[in-house]
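In my numbering, the protein residues as written are 98 to 494.
Glycine is no exception: its CB is placed at the ideal position from the N, C-alpha and C atoms.
Report on the following structure.
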Ligand SMILES: Cc1ncc(COP(=O)(O)O)c(C=O)c1O
């Protein structure tokens, strides 16, 4: 084992017994380079983060420019910092009138926490509803509402008043009541293996929440920023949430999360008590500068308009006998091979083909295909050729 790898195991706390262990030296475009100089095509994008490609020039320039102005100067919400204000205003211009005020956080989990607190503060209720196989983060509050028992059980007691409902089940929405503070939902459940909400379900959910006075929270940490073919996935459904959670691609490769709601609602965290949510580094100026540049690049390069065509190319070219189903929401795709062990073998075979990918958190039988949106059509063809070879290796072994 080389020295770096030994130190990795000795000094970095592990999250699993089988980390992917690519030893990265640099990354550019859709490629990750390891210490031996091998180039891997990135089909993970750091879990839906690197949508405008690694080392994107516009993003790097924006970071460098901000670097020379200032880094951290004060906790969130006190000083007027141009990158935060400019990014919040840019997002607001792209969002509906009830989503105009942004609270920047460090991560998706912290944004979930903030949204939970805002909902409790606004409604005076504490019940949170979410859906089976959902993922909203790993901090205590977020963990309390995720839809998988195995991840939560060891950390009980969790926060009280959580109710888990089946996804895409309109009947079950009757369990949202006047006790419910908020309903958290992903319009596409990424970690469940790319499961889309049906339009009827989201419409019925919107209606039920409005009737019961519960706040509807969309978690678009993975589906935001063009990943599913629109800037935000909720735009495909014509259903507008009361609170929107963003993270991952929001920071253009730097850590950043946000929960966004109306101007009026957001005032609640500044009174009774003031400082209803506090974060030192949330909305870090470097992250906001990077995120703003990434968003501008995304819109100016018309990448979102090309998502459907690239998605269709993947779907058409991956009809291998090993594939049970290929579920896709734009360039968020799950290649369902129906078996956990086979999927692990496929991840290893992909590695041999210099494709970096993994399985989903709650769908270990599904291979993740979520390349940077900058992938070209020729590169899509190349990925499919290599994937086909990898599938041959596992299927005919
Ligand atoms: C849908 C969704 N929400 C929230 C989170 C939590 O984000 P973070 O890891 O930045 O805390 C994730 C992370 O994977 C996610 O996929």
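Taking the beta carbon of residue 288 as the centre, do at least 16 other beta carbons fall within 10 Å, making it buried, or is it exposed? One-based indexing of the chain shown puts residue 288 at position 191. So residue 288 ends up on the buried side.
Can we count residue 283 as close to ligand 1, meaning its CB is less than 7 Å from some heavy atom? Counting from 1 along the chain shown, the entry for residue 283 is found at position 186. Residue 283: yes, Cβ under 7 Å from ligand 1.
Please check the pair residue 249 and residue 273, which I expect to be a contact at CB under 8 Å, by giving their CB distance rounded to whole angstroms. For this step, residue 249 is matched to residue 152 along the chain shown. For this step, residue 273 is matched to residue 176 along the chain shown. Residue 249 to residue 273, Cβ: 21 Å. No contact.
Residue 454 beta carbon near ligand 1 (any heavy atom closer than 7 Å): Mapped onto the chain shown, residue 454 falls at position 357. Checking every heavy atom of ligand 1 against the Cβ of residue 454, none is found closer than 7 Å.
Return the CA-CA distance between residue 363 and residue 372, expressed in angstroms with no decimal places. Walking along the chain shown from the start, residue 363 turns up at place 266. Walking along the chain shown from the start, residue 372 turns up at place 275. Distance between the alpha carbons of residue 363 and residue 372: 12 Å.
Ligand 1 and residue 204: does the residue's C-beta get closer than 7 Å to at least one heavy atom of that ligand? For this step, residue 204 is matched to residue 107 along the chain shown. True, at least one ligand heavy atom lies under 7 Å from that Cβ.
Along the beta strand (DSSP E) that carries residue 266, what are the first and last residues, could you check? Within the chain shown, residue 266 is the residue found at index 169, counting from 1. Where residue 266 is concerned, there is no enclosing beta strand (DSSP E), given that its DSSP letter is neither H nor E.
With the cut-off set at 8 Å, would you say residue 279 and residue 337 are in Cβ contact? The residue labelled residue 279 in the question sits at position 182 within the chain shown. The residue labelled residue 337 in the question sits at position 240 within the chain shown. No; because the gap between Cβ atoms is not below 8 Å, this pair is not in contact.
Residue 249 lies in the alpha helix (DSSP H); which residues open and close that run? Against the chain shown, residue 249 aligns to sequence position 152. Where residue 249 is concerned, the enclosing alpha helix (DSSP H) stretches over 246-249.
With distance defined between alpha-carbon atoms, name the residue in 238, 261, 263, 264 nearest to residue 253. The residue labelled residue 253 in the question sits at position 156 within the chain shown. Residue 253 has its Cα closest to that of 238, out of 238, 261, 263, 264.
CB of residue 233 to nearest heavy atom of ligand 1: below 7 Å? As a working mapping, residue 233 is identified with position 136 in the chain shown. The answer is yes for residue 233.
From residue 215 to residue 489, what does the alpha carbon distance come to, in whole angstroms? In the chain shown, residue 215 corresponds to position 118, counting from 1. In the chain shown, residue 489 corresponds to position 392, counting from 1. Approximately 50 Å between the Cα atoms of the pair.
Any idea if residue 243 is buried or exposed, counting beta-carbon neighbours within 10 angstroms, 16 or more meaning buried? Taking the first residue of the chain shown as 1, we reach residue 243 at position 146. Buried.
Nearest-angstrom beta carbon gap, residue 261 and residue 229 [assumed within contact, 8 Å]: Taking the chain shown and counting its residues from 1, the one referred to as residue 229 is at position 132. Taking the chain shown and counting its residues from 1, the one referred to as residue 261 is at position 164. With a Cβ gap of about 6 Å, residue 229 and residue 261 count as contacting.
Report the residue from 163, 188, 172 whose alpha carbon sits nearest the alpha carbon of residue 179. Along the chain shown, read from residue 1 onward, the residue named residue 179 stands at position 82. Checked all of 163, 188, 172; the closest Cα to residue 179 is 163.
Among 296, 301, 259, 292, which one has its Cα closest to the Cα of residue 269? Against the chain shown, residue 269 aligns to sequence position 172. With distances taken between Cα atoms, residue 269 lies closest to 301.
Residue from 134, 390, 356 with nearest C-alpha to residue 195: Taking the first residue of the chain shown as position 1, residue 195 is located at position 98. With distances taken between Cα atoms, residue 195 lies closest to 356.
Count the other CB atoms within 10 Å of the CB of residue 493; is the residue buried (16 or more) or exposed (fewer)? The count along the chain shown starts at 1 and reaches residue 493 at position 396. Exposed, since its Cβ has fewer than 16 Cβ neighbours within 10 Å.
Could you give the DSSP three-state label for residue 492: helix, strand or coil? Here residue 492 is taken as the residue at index 395 of the chain shown, counted from 1. It is helical.
Tell me which residue opens and which closes the beta strand (DSSP E) that residue 314 is part of. In the chain shown, the residue the question calls residue 314 occupies position 217. Run containing residue 314: 312-316, per the beta strand (DSSP E) assignment.
Tell me which same chain residues have a C-beta within less than 8 Å of the C-beta of residue 451, skipping the five on either side of it? Sequence index remark: in the chain shown, residue 451 carries index 354 (1-based). Hits under 8 Å: 135, 136, 137, 138, 483.
Where residue 311 and residue 303 are concerned, what is the direct C-alpha to C-alpha distance, given to the nearest angstrom? Here residue 311 corresponds to residue number 214 of the chain shown, with the count starting at 1. Here residue 303 corresponds to residue number 206 of the chain shown, with the count starting at 1. Between residue 311 and residue 303, the C-alpha separation is close to 9 Å.
What are the complete alpha helix (DSSP H) segments, minimum 4 residues, inside the segment 340-395? 360-363
Got a sec? Which residues, its chain only, sit under 7 Å from residue 119 by beta carbon, not counting five neighbours each side? Counting from 1 along the chain shown, the entry for residue 119 is found at position 22. Closer than 7 Å at Cβ, skipping near neighbours: 129, 131, 137, 453.
Excluding the five sequence neighbours on either side, which residues of its own chain have a C-beta within less than 8 Å of the C-beta of residue 285, listed in chain order? What you label residue 285 is simply residue 188 of the chain shown in a count that begins at 1. For residue 285, where only same-chain residues beyond five positions count, the Cβ hits under 8 Å are 291, 292, 293, 294, 319, 320, 325, 330, 426, 429.
Span separating the alpha-carbon of residue 313 from that of residue 333: Reading the chain shown from its first residue, position 216 is the one you call residue 313. Reading the chain shown from its first residue, position 236 is the one you call residue 333. Taking the straight line joining both Cα atoms gives about 17 Å.
What is the residue span of the beta strand (DSSP E) that residue 466 lies within? Within the chain shown, numbered from 1, the residue matching residue 466 stands at position 369. 460-466 is the extent of the beta strand (DSSP E) around residue 466.
Residue 200 to residue 221, Cα distance in whole Å? Position 103 of the chain shown holds residue 200. Position 124 of the chain shown holds residue 221. Rounded to the nearest angstrom, the two C-alpha atoms are 20 Å apart.
Looking only at DSSP bridge pairs, what is residue 198 linked to? For the purposes of this step, residue 198 is identified with residue 101 of the chain shown, where counting begins at 1. BP columns for residue 198 point to 358.
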